[in-house]
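Here the structure is laid out as structure tokens; the discussion comes afterwards.
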Amino acid sequence: MGVVYGYWGVATQGMSIESALLAGGLCSVAGMLPDLDSDTGVPLRETTLFLSAVIPILMVERFRDMGLSHEAMALAAMLIYVTIRFVVVEFFRRYTVHRGMWHSIPAAFSACVAAYLIMPCPSEAIRVYKSLAVLVGFLTHLILDEIWSLDFSGRGMRVKKSFGTALKFFGKDWWANVSVWGKLVLLCYVAWGDHGILDRLRQRVRLERERYSIPESDWSAGPGPYTLPSRSSQQSQPASGFSPMEAWQTGPSDSKRIADPRDRPTLPRDEWR
1 MGVVYGYWGV ATQGMSIESA LLAGGLCSVA GMLPDLDSDT GVPLRETTLF
51 LSAVIPILMV ERFRDMGLSH EAMALAAMLI YVTIRFVVVE FFRRYTVHRG
101 MWHSIPAAFS ACVAAYLIMP CPSEAIRVYK SLAVLVGFLT HLILDEIWSL
151 DFSGRGMRVK KSFGTALKFF GKDWWANVSV WGKLVLLCYV AWGDHGILDR
201 LRQRVRLERE RYSIPESDWS AGPGPYTLPS RSSQQSQPAS GFSPMEAWQT
251 GPSDSKRIAD PRDRPTLPRD EWR
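Per the UniProt record's numbering, the sequence shown starts with residue 1, numbered consecutively.
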């Protein structure tokens, strides 16, 4: 199915060979995702080991949008690996049963939306094409499970007890139904606002790069629209039409002179008494 999906993308959708090969690989790997709830645990171990190594590589573009350094990308990749290998594996071992709600149509759409969030691309068409590859691979597994639930070995067709446990929207456990549908709604909500989040992250990274690319000397050298004159320039340049010599010869105004006994008016000696 992965080969067919990749060929369909190149032949009819105008996808590049690289995008088609990646989408075909994602479709093939997604065909093993429903077996994460297997009782043996072998598909869970092998699939999560592969995903823990591939998912950090697929998230490189998102790490760049977040403006992470190479050291931060390495730390994020290690954190994702540990989370998938230990947290996700333990979650599936404890809270899933074989042919439960993980074998369902809403779980397939949840995997598709999760792939959409993991793989941001410059082109929305390529991003949707890769995400739909996960949905096609997941649904192919569910359809094959339903086909294997029909027994054609005898004279007629016999329906097994497992028929109807793969392609379903709801299961018998109401808590599992709430959990799967709640995760799908949450993922769809995050995917709906993902473009706005990416635009804000890219704008912030671009502004930070422009800020650190300007030399320190240019921060105060260039005359800005609100540049104030320095105090030395104000003191060195006198006002137009007024020289320092005139200021030396000109006394203070009458309103600002200090009282002096010699400034008293001359009066007759009798009036002093």
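Ideal Cβ placement from N, Cα and C applies to all residues, glycine included. Quick caveat: nothing in here was measured; it's all calculated off a predicted structure.
So what's ASP151 in DSSP terms, helix, strand or just coil? It is a strand residue.
For the pair the segment 58-71 and the segment 109-120, tell me if three or more CB-CB distances fall below 8 Å. Pairwise C-beta distances place the segment 58-71 in contact with the segment 109-120, as three or more of them are shorter than 8 Å.
So within the segment 35-80, which uninterrupted alpha helix (DSSP H) runs reach at least 4 residues, ignoring any that extend past its ends? Segments of the alpha helix (DSSP H) lying fully in the segment 35-80: 42-58, 60-65.
Can you look up ARG85 in the DSSP assignment and give me helix, strand or coil? The DSSP-derived three-state label of ARG85 is helix.
Please say whether ILE126 and SER19 have beta carbons closer to each other than 8 Å? Closer than 8 Å, so yes.
What's the call for CYS27, buried or exposed, on a 16-neighbour Cβ count within 10 Å? So CYS27 counts as buried.
Determine the burial state of CYS112: buried for a count of at least 16 other Cβ atoms within 10 Å of its Cβ, exposed for fewer. By the 10 Å Cβ count, CYS112 comes out buried.
Apply the 10 Å Cβ neighbour rule to HIS70 and answer buried if 16 or more other Cβ atoms are within range, or exposed otherwise. So HIS70 counts as exposed.
Return yes when at least one heavy atom of the ligand SAM lies under 7 Å from the C-beta of ALA20, else no. The ligand SAM is absent from the structure shown, which contains no ligands of any kind.
What number of angstroms, rounded off, separates the C-alpha of GLY193 from the C-alpha of ASP199? Rounded to the nearest angstrom, the two C-alpha atoms are 10 Å apart.
Going by other Cβ atoms of all chains shown within 10 Å of its Cβ, with 16 needed for buried, is ALA23 buried or exposed? A residue is called buried once 16 or more other Cβ atoms fall within 10 Å of its Cβ, and ALA23 is buried on that count.
TRP102: which of PHE138, ILE197, ILE17, VAL42 sits nearest, CA to CA? Looking from the CA of TRP102, the closest CA among PHE138, ILE197, ILE17, VAL42 belongs to PHE138.
Reduced DSSP secondary structure (H/G/I, E/B, other) of VAL97: Secondary structure of VAL97 (DSSP, three-state): coil.
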